[in-house]
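Q: If you read the first sequence in our numbering, its first letter stands for residue 730, the second for the next number, and so on. What follows is a single structure, and I will ask about it in a moment.
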Amino acid sequence: MSWEPTPLEQKRLEKLAELRQAGVEPYPLRVERTHTSADAIAAFEAAEAEHGAEAPEIKATLTGRIMSSRDMGKTVFTHIEDGYGRIQLFVRRDDVGEEAHQIFRKLLDLGDFVQATGVLFRTRTGEVSVRVTEWKLLAKAVSPLPVVKEQEVDGELVRHNAFSDVEERYRQRYADLAVNPDVREVFKIRAKVISALRRYFEDHDFLEVETPVLQPLYGGAAARPFTTHHNQLKQELYLRISFELYLKRLLVGGIERVYEIGRDFRNEGVSFKHNPEFTMLEFYAAYWDYHNVMDFTEGMVKYVAQHVWGKSEISYQGETINLGGTWPRLTMRDAIKQFAEIDYMEHPDAPSLANAIREAGGHAPIGASWGKLIDGLFGDHVEPNLIQPTIITTYPRDISPLAKAIPGDPKHVERFEFFIAGMEMGNAFTELNDPLDQQQRFEDLQKLFAKGDDELNPIDEDYLRAMRYGMPPNGGFGVGVDRLVMLMADKATIREVLLFPHLRERDEG
RNA sequence: GGCCCUGUAGCUCAAUGGCAGAGCAACUGACUCUUAAUCAGCAGGUUGAAGGUUCGAGUCCUUCCAGGGUCACCA
């Protein structure tokens, strides 16, 4: 689809031509910025504090995007915004000259990038501003950005005509970011979360690695993969659904503590907490069991909160969430007893458990395994109630093929997940390192899944071969980084913490 | 995939089946300390798309497209 200028864009194209005619280059190559808006204001206030009215003049050249303009005729007040805030330009005809003043008034628009030079001063209403003597256009905006006006009422910032259509905001994230500063804040928080995670792992002697995104076999999670094709090799490839099997190969290779932050891809439904591609963090540590992993994970989330907010109490969707202290730990069995009033150990096989669930008025999908039914019970009755951080331990074996069994308990494995704000945040276990047991689990799983179930992972023979060389006992963990960011940024949907969330292609024909 | 809601000017939103409107932005002008600047004037539309019912459809019906919610699905 080619671009058809709207009437507003047509008008700006005319201005563009007029600017060139007047000898103004609308897209120059060089910029002469001396101060950011924040630096300029700070410098002015510092000088004022030290010397009062006798303060020496500060001349500055600033750059930014025109966000508002109040044209008084011979004087124009304009706010420009740069990456550090806003500052007001005071453009007076007597200061810039007749011609430059007319061009500024008539040929510039909201959204244009400009450079302005002048002495800093305070206006009568007290705002630090630039008394502009020279200005230069840096980039003409041809399309009008949504206009957002702000007003301060009793100290509260009220925004008018905000650009708020969710779909348009995601499809044109650049415009969203340009006019909604709070959106930029979300992605600063995201960056802080990720840098805190990296520092935490580095401080604990973990090695960061990168493993293949394109894989000949997929595994490590129950999910449908995206498939692709290598032309020259004539080979089917999958986009990874987890990092697990590659990272644990590295333990065989003698790397004791390893982690990866990267993208996973799952060809499944899209929801407020699912995007087809999402950021995952997985780590594995030799000689740890899942108790060590629990302690470490708790520490990790607290560390992140400290780095982002400087405290362990955060606000999420109106709830106060306290990440401090030791998080409650309870078994899945006890949690389900408490919230669903079913003791699944009294129903030790799938048919009887399915009956018990249906009798209690619950939903039990046909053909679900015992473990899947338990997981379903948990998801329906327990998970939404886990607002404060909670660790749930001791998972059914048949939904945990990579976790080590609990001695003397054939039904359960050493696995935990932790929950905050009713969301699963992470999944961990004492990793299975017995190659023969692992092979058996894979084979059991093949039988358990219905034929043709596309969540069934192919058996990764190379992974079994690696394990046969000897894998140290280890504990491992995976956390959905986007969900952690949702929590830290107080956002209710994953799309608000992804710069370019997946959207259906729009038919524009 | 099922059900519910939404789609109107660049943005935010109105309009009992009866002339498609407002505010902001734009445009013309006034104003040399404004800050949602103010004031006067002027323009801006294939109402998501295609069909249908009707004398008449933004509004009712059908299909489709997109988004949101919810349920199902989701180790």
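All residues carry an ideal CB built from backbone N, CA and C; glycine is no exception.
With DSSP collapsed to three states, give me the class of G1238.
A: Residue 1238 sits at position 509 when you count from the first residue of the first sequence. Confidence in G1238 is poor, its pLDDT being 35 and thus under 50, which makes the residue's placement too unreliable to answer from.
Q: Hey, A1014 and G1199 are a contact pair by Cβ (cut 8 Å); roughly how many whole angstroms apart?
A: Taking the first sequence and counting its residues from 1, one reaches residue 1014 at position 285. Taking the first sequence and counting its residues from 1, one reaches residue 1199 at position 470. With a Cβ gap of about 17 Å, A1014 and G1199 do not count as contacting.
Q: Quick one, are the C-beta atoms of L836 and L748 less than 7 Å apart?
A: On the first sequence, position 107 is the one that residue 836 refers to. On the first sequence, position 19 is the one that residue 748 refers to. Yes.
Q: Taking DSSP's pairing of strands, which residues face T1159 in a bridge?
A: Taking the first residue of the first sequence as 1, we reach residue 1159 at position 430. According to DSSP, T1159 bridges with G1204.
Q: Between the region 1013-1029 and the region 1223-1236, can you find at least three pairs of beta-carbon atoms closer than 8 Å?
A: Result no; under three Cβ-Cβ pairs closer than 8 Å.
Q: Counting pairs of beta carbons, one from the region 938-947 and one from the region 905-914, are three or more of them closer than 8 Å?
A: Result no; under three Cβ-Cβ pairs closer than 8 Å.
Q: Return the chain-ordered ranges of every alpha helix (DSSP H) run that is complete within the region 805-853 and spans a minimum of 4 residues.
A: 822-825 and 827-836
Q: May I ask you to list the residues that DSSP assigns as paired with I1120?
A: The residue labelled residue 1120 in the question sits at position 391 within the first sequence. According to DSSP, which records beta bridges pairwise, I1120 is partnered with R1058 and F1147.
Q: Should the region 769-781 be called in touch with the region 826-836, which here means at least 3 C-beta pairs below 8 Å?
A: no
Q: Let me check understanding here. Comparing Cα to Cα, which of I984, S1098 and E973 lies closest to G1207?
A: On the first sequence, position 478 is the one that residue 1207 refers to. Closest option to G1207, Cα to Cα, is E973.
Q: Using alpha carbons as the reference points, say which of I1065, E879, T854 and E985 lies closest to E1112.
A: Residue numbering aside, residue 1112 sits at position 383 when the first sequence is read from its first letter. Residue I1065 is the option with its Cα nearest to E1112.
Q: From which residue to which residue does the alpha helix (DSSP H) around W1099 run?
A: To locate residue 1099, count along the first sequence from 1; it is residue 370. Where W1099 is concerned, the enclosing alpha helix (DSSP H) starts and stops at W1099 to L1106.
Q: Leaving aside the five residues before and after A1085 along the sequence, list all residues of the same chain whose C-beta is less than 7 Å from its C-beta, in chain order.
A: Residue 1085 sits at position 356 when you count from the first residue of the first sequence. Excluding positions up to five away in sequence, the list reads I1071 and H1076.
Q: For L1257, which of helix, strand or coil comes out of DSSP?
A: Outside the shown range of the chain (730 to 1238) lies residue 1257, about which nothing can therefore be said.
Q: So, under 8 Å CB-CB, V922 and V1022 are touching, yes? Tell me the CB distance rounded to an integer number of Å.
A: Start at 1 with the first residue of the first sequence, and residue 922 comes out as number 193. Start at 1 with the first residue of the first sequence, and residue 1022 comes out as number 293. Wrong, their Cβ atoms sit about 20 Å apart, outside the cutoff.
Q: Tell me which residue opens and which closes the alpha helix (DSSP H) that I770 is part of.
A: What you label residue 770 is simply residue 41 of the first sequence in a count that begins at 1. Looking at the DSSP string, the run of the alpha helix (DSSP H) that includes I770 is S766 to H780.
Q: Output the boundary residues of the alpha helix (DSSP H) element that contains H1036.
A: To locate residue 1036, count along the first sequence from 1; it is residue 307. Per DSSP, H1036 belongs to the alpha helix (DSSP H) from Y1019 to W1038.
Q: For F1001, is the classification buried or exposed, using 16 other Cβ atoms within 10 angstroms of its Cβ as the cut-off for buried?
A: Taking the first residue of the first sequence as position 1, residue 1001 is located at position 272. Exposed, by the Cβ-count rule.
Q: Which whole-angstrom value is the C-beta distance of P1187 and I1149, which I expect to be below 8 Å?
A: Here residue 1187 corresponds to residue number 458 of the first sequence, with the count starting at 1. Here residue 1149 corresponds to residue number 420 of the first sequence, with the count starting at 1. No, P1187 and I1149 are not in contact; Cβ-Cβ is about 34 Å, not under 8 Å.
Q: Check whether the region 981-999 touches the region 1095-1114, counting contact only when three or more Cβ pairs, one atom from each stretch, lie closer than 8 Å.
A: no
Q: Using 10 angstroms around the beta-carbon of R741, count the other beta-carbons present and answer buried if the total reaches 16, otherwise exposed.
A: In the first sequence, counting from the first residue as 1, residue 741 sits at position 12. R741 is buried by the Cβ-count criterion.
Q: Expressed to the nearest angstrom, what Euclidean distance is found between the alpha-carbon atoms of L1082 and H1141?
A: As a working note, residue 1082 is residue 353 in the first sequence. As a working note, residue 1141 is residue 412 in the first sequence. Cα-Cα distance, rounded: 16 Å.
Q: Between which residues of its own chain and H764 is the CB-CB distance below 6 Å, once the five residues before and five after are set aside?
A: Within the first sequence, numbered from 1, the residue matching residue 764 stands at position 35. Closer than 6 Å at Cβ, skipping near neighbours: A789 and L791.
Q: Output the distance between the C-alpha atoms of A1221 and R898, rounded to the nearest integer angstrom.
A: What you label residue 1221 is simply residue 492 of the first sequence in a count that begins at 1. What you label residue 898 is simply residue 169 of the first sequence in a count that begins at 1. Between A1221 and R898, the C-alpha separation is close to 16 Å.
Q: Which one or two residues does DSSP pair with F1012 in a beta bridge?
A: What you label residue 1012 is simply residue 283 of the first sequence in a count that begins at 1. Looking at the DSSP output, F1012 sits in a beta bridge with Y988 and F1206.
Q: From the DSSP output, read off the bridge partner residues of H959.
A: Stepping through the first sequence from its first residue, residue 959 is reached at position 230. H959 pairs with Q964.
Q: According to the neighbour-count rule (16 or more other Cβ atoms, all chains shown, within 10 Å of its Cβ), is R1197 buried or exposed?
A: The residue given as residue 1197 occupies position 468 in the first sequence. So R1197 ends up on the exposed side.
Q: Buried or exposed: where does W1099 fall if 16 or more other Cβ atoms within 10 Å of its Cβ makes it buried?
A: Translated into the one-based positions of the first sequence, residue 1099 becomes position 370. Buried.
Q: Spell out the partners DSSP gives F1007 in its beta bridges.
A: Taking the first sequence and counting its residues from 1, one reaches residue 1007 at position 278. DSSP output for F1007 lists D993 as bridge partner(s).
Q: Pull the bridge partners of E881 from the DSSP assignment, please.
A: Taking the first sequence and counting its residues from 1, the one referred to as residue 881 is at position 152. E881 is bridged to L886.
Q: Determine the DSSP secondary structure at E856, reduced to helix, strand or coil.
A: As a working mapping, residue 856 is identified with position 127 in the first sequence. Of the three classes helix, strand and coil, the one that applies to E856 here is coil, per DSSP.
Q: To the nearest angstrom, how far is the alpha carbon of G1096 from that of M1061?
A: Counting from 1 along the first sequence, the entry for residue 1096 is found at position 367. Counting from 1 along the first sequence, the entry for residue 1061 is found at position 332. Approximately 22 Å between the Cα atoms of the pair.
Q: Can you tell me where the alpha helix (DSSP H) holding M1196 begins and where it ends?
A: Counting from one through the first sequence, the residue named residue 1196 turns up at place 467. Segment E1190 to R1197, the alpha helix (DSSP H) holding M1196.
Q: For D800, report the span of its beta strand (DSSP E) as first-last.
A: In the first sequence, the residue the question calls residue 800 occupies position 71. That run of the beta strand (DSSP E) goes K788 to D800.
Q: Work out the CA separation of E989 and M1154 for me, nearest whole Å.
A: Reading the first sequence from its first residue, position 425 is the one you call residue 1154. Reading the first sequence from its first residue, position 260 is the one you call residue 989. Cα-Cα distance, rounded: 16 Å.
Q: Could you pull out every residue in the same chain whose Cβ sits closer than 6 Å to the Cβ of K869, ignoring the five residues on either side in sequence?
A: Residue mapping note: residue 869 aligns to position 140 of the first sequence, counting from 1. Answer for K869: L745, P755 and D841, listed in chain order.
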